[in-house]
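Please read the structure below before turning to the comments.
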Ligand code: AMP
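Residue numbers (the numbering used here): 2 to 214.
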């Protein structure tokens, strides 16, 4: 199964993606994760991407298209994959269609997770992640027992550089202007599966698996 997970930042794409990976045994391709890893490693790609990411802007299409093109050719994508955070612009979607045509493949479903902006700002600005084990917490919805300390491994919790109020606002504006048009793009292909993204994580996951079955 070849999937795209679409939704504004904070809609829960990453969380749902991890559960889908286990259920369907397909790799998650998250351009955000790939770019963050490059920033952390200080590579040329990371240095270029950082200036955009810190401002909540999109990294240029040519850069992310190249990353995804290379990743889709890996052997683990042969039986399916889930794109998380890509495509994010119409030119990226067009490039993806071209790549898939060359590979003799196509997208089966575009899962569009919907959450309103007020809820998204609350979710994003309260997110905390463990530096050691990567576990996720939320200062309001899922607080750790001790502030700033991971319940699972005792590691230090940090806030993603782009989860401050200013950058979050900019990321939401970018989503509306550049990524929302993708819904119409995929609607014309009959592939959009809208999902209400508010509620328990498991509830949302059940909605997703229902539309995929
Ligand atoms: P995410 O973790 O998906 O919210 O992505 C974090 C940041 O990485 C975004 O705000 C962008 O700066 C950059 N990014 C991730 N995916 C893309 C993409 N497909 N196109 C352009 N920029 C991206």
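Even glycine gets a Cβ: it sits at the ideal position worked out from N, Cα and C.
Since the model is a prediction, treat every value here as computed from it, not as a measurement.
Judged by their CB atoms, residue 81 and residue 32 are not nearer to each other than the 8 Å cut-off. Residue 27 is classed as buried because its beta carbon has at least 16 other beta carbons within 10 Å across all chains shown. Apart from sequence neighbours up to five positions away, the residues of its chain that approach residue 141 with a beta-carbon distance below 6 Å are 127, ordered along the chain. Going by DSSP, residue 168 is part of the alpha helix (DSSP H) stretching over 166 to 175.
Burial of residue 113 is indicated by the presence of at least 16 other C-beta atoms within 10 angstroms of its C-beta.
Within the segment 2 to 66, the runs of beta strand (DSSP E) at least 3 residues long that lie entirely inside it are, in chain order, 3 to 7, 29 to 31. The Cβ atoms of residue 84 and residue 4 sit closer than 8 Å to each other. With respect to residue 17, residue 206 sits close: the two C-beta atoms are nearer than 8 Å.
Between the alpha carbons of residue 91 and residue 71 lies a distance of about 19 Å.
Not one heavy atom of the ligand AMP lies closer than 7 Å to the C-beta of residue 194. Following the DSSP letters along the chain, one finds residue 145 in no alpha helix (DSSP H), marked with neither H nor E. Around residue 133, the same chain offers 154, 156 as residues with beta carbons nearer than 6 Å, after the five sequence neighbours per side are excluded. Short of 8 Å from the beta carbon of residue 94, and not among the five residues preceding or following it, lie these beta carbons of its own chain, in chain order: 88, 183, 186, 187.
At least one heavy atom of the ligand AMP lies closer than 7 Å to the C-beta of residue 172. With a cutoff of 8 Å on beta-carbon distance, residue 69 and residue 50 are scored as not near each other. In terms of CA proximity to residue 123, 143 leads the group 143, 213, 105. Excluding residues up to 5 positions away in sequence, 57, 58, 59 lie with their Cβ nearer than 7 Å to the Cβ of residue 175 in the same chain.
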